[in-house]
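Numbering (the working numbering), first residue to last: 3 to 403.
Where a beta carbon is used, it is the ideal one built from N, C-alpha and C, also for glycine.
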């Protein structure tokens, strides 16, 4: 089977006869290439806090690194959206992926926690440029009523990779230095960049060059509600699934070894992988706003129970359920944003929303790290709960608007 045949078969949803999607293969290309990168990345990324600690960083410095990573992952989204509308989605996805591969080479060569952190911060700048194009091209490649399934396909691939990567890392870490796993990530990223350049189909007609949207436009009109809700939800994510605190708690307070932390993440994503497509159908029935609220509430409620447990098996079983609700929230978040922006300037709108909400949410880890240092590790999860309530209130306000 040729690579492009595989990518087409991997694409979901399959268009019905007489109702063709504009470019259904794009969903498969993005899903496949992202999975390739994430598998390699997650052989070592779940234990990044431990790696940084072993290279001399303290708890607050680890939290600061995650805050800088979060800031970098948001800062250039506003320009990435502008570039996507002006030049198309494909080049804004392919070219920064090549740059990311080179930066992983720098990370491979690093020997201090400062240089490793610097490379990761720059890596996330490339991700920020790509972010609006990811959402836009996924939505634009299929018919509107198939968007939830398209996003569930992408999240299925990411979750499967998040399962496989840590499991592979748990097997390799006892005998393979983290440096070589970072090197493998560089090779995987460069391969993914080449695949995106070859197989992605452009679906957006370039617009006349104009200046990027101004930051204040994120707080006006229809964008105001989705910006606030996005900020609250991304803050939840930065303090839980995307932050260092689950790994640090499991390692420092749950007394799990680094390899067990990797395995905890791997097994934790199994239900999310198996049920991704069912979640996509359920989200289509519920509506993205309601599904996002259910996902956030379920994720945080179960995570609160997880904090009371000790022992690998109880912790992994409850984390499975928590990650399943997190998966529901992540899929819903993708569909909610695209529903709230106009098609003709989707990239620019997604960019300005992403920049504002991402920069605000990026402050979460360093604030939570300071709180954890002063009041104990549970303080970070308490802040996540506050952010969860804010998310629910924001979504309720959007529904009333």
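Going by DSSP, residue 181 is part of the alpha helix (DSSP H) stretching over 180-201.
Taking a cut-off of 8 angstroms on C-beta distances, the stretch 140-155 does not touch the stretch 300-320, as fewer than three cross pairs fall below it. By the Cβ rule, the stretch 125-135 counts as touching the stretch 81-101, because three or more pairs are nearer than 8 angstroms.
Cβ-Cβ separation between residue 274 and residue 326: approximately 5 angstroms, consistent with a contact (criterion under 8 angstroms). Only buried fits residue 87, as 16 or more other CB atoms lie within 10 angstroms of its CB. The beta-carbon separation of residue 44 and residue 227, rounded to 33 angstroms, does not stay under the 8 angstroms limit for a contact. CA-to-CA, the gap between residue 310 and residue 255 works out to about 11 angstroms. Separation of the CB atoms of residue 163 and residue 37 is rounded to 4 angstroms, and the pair is thereby assigned contact status at 8 angstroms.
Counted as a single uninterrupted DSSP element, the alpha helix (DSSP H) harbouring residue 260 occupies residues 260-270.
With contacts defined as CB atoms closer than 7 angstroms, residue 334 and residue 305 fail to qualify as a contacting pair.
For residue 102, same chain residues with a beta-carbon under 6 angstroms away, outside a window of 5 residues either side, are 125, 128 and 191 in chain order. Burial state of residue 114 is exposed, judged by a 10 Å Cβ sphere holding fewer than 16 other Cβ atoms.
The continuous alpha helix (DSSP H) containing residue 52 extends over residues 50-56.
Shown here, residue 90 sits in coil according to DSSP, grouped into three states, outside any helix or strand.
In this model, residue 340 and residue 199 are separated by some 24 angstroms (Cα to Cα).
Residue 194 and residue 377 have their C-alpha atoms roughly 43 angstroms apart. Assignment of residue 144 by DSSP, reduced to helix, strand and coil, places it in the coil class. With distances taken between CA atoms, residue 93 lies nearest to 203 out of 145, 380 and 203. Distance between residue 392 and residue 121, taken at the CA atoms: about 33 angstroms.
Inter-residue distance for residue 231 and residue 387 is about 15 angstroms (C-alpha atoms, whole angstroms). Using a Cβ-Cβ distance cut-off of 8 angstroms, the stretch 65-75 and the stretch 277-286 are not in contact, since fewer than three pairs of beta carbons, one from each stretch, lie closer than that value. In this structure residue 48 is not in contact with residue 251, their Cβ atoms being roughly 13 angstroms apart against a cut-off of 8 angstroms. The shortest CA-to-CA distance from residue 72 to any of 359, 323, 142 and 379 is the one to 359. Our two residues, residue 187 and residue 35, have alpha carbons roughly 12 angstroms apart in a direct line. About 7 angstroms separates the beta carbons of residue 354 and residue 83, which is inside the 8 angstroms limit, making them a contact pair. Within the same chain, and ignoring the five residues on either side of residue 271 in sequence, the residues whose Cβ sits closer than 7 angstroms to its Cβ are 161, 164, 165 and 325. In the structure shown, the three-state DSSP call for residue 251 is helix. With a 10 Å radius around the Cβ and a threshold of 16 neighbouring Cβ atoms, residue 58 comes out exposed.
Look at residue 114 here: in three-state DSSP terms it is coil, with no helix or strand label. Remark: C-beta atoms of residue 249 and residue 51 approach each other more closely than 7 angstroms. Selection 287, 365, 396 and 397 evaluated against residue 77 yields 365 as nearest (Cα-Cα). Per DSSP, the unbroken alpha helix (DSSP H) holding residue 303 starts and ends at 290-308.
DSSP places residue 46 in the coil class of the three-state scheme, outside both helix and strand.
In this structure, residue 336 sits near residue 137, with a CB-CB distance shorter than 7 angstroms. With contacts defined by Cβ atoms closer than 7 angstroms, residue 338 and residue 291 form a contacting pair. Annotated three-state conformation of residue 313 is coil, per DSSP.
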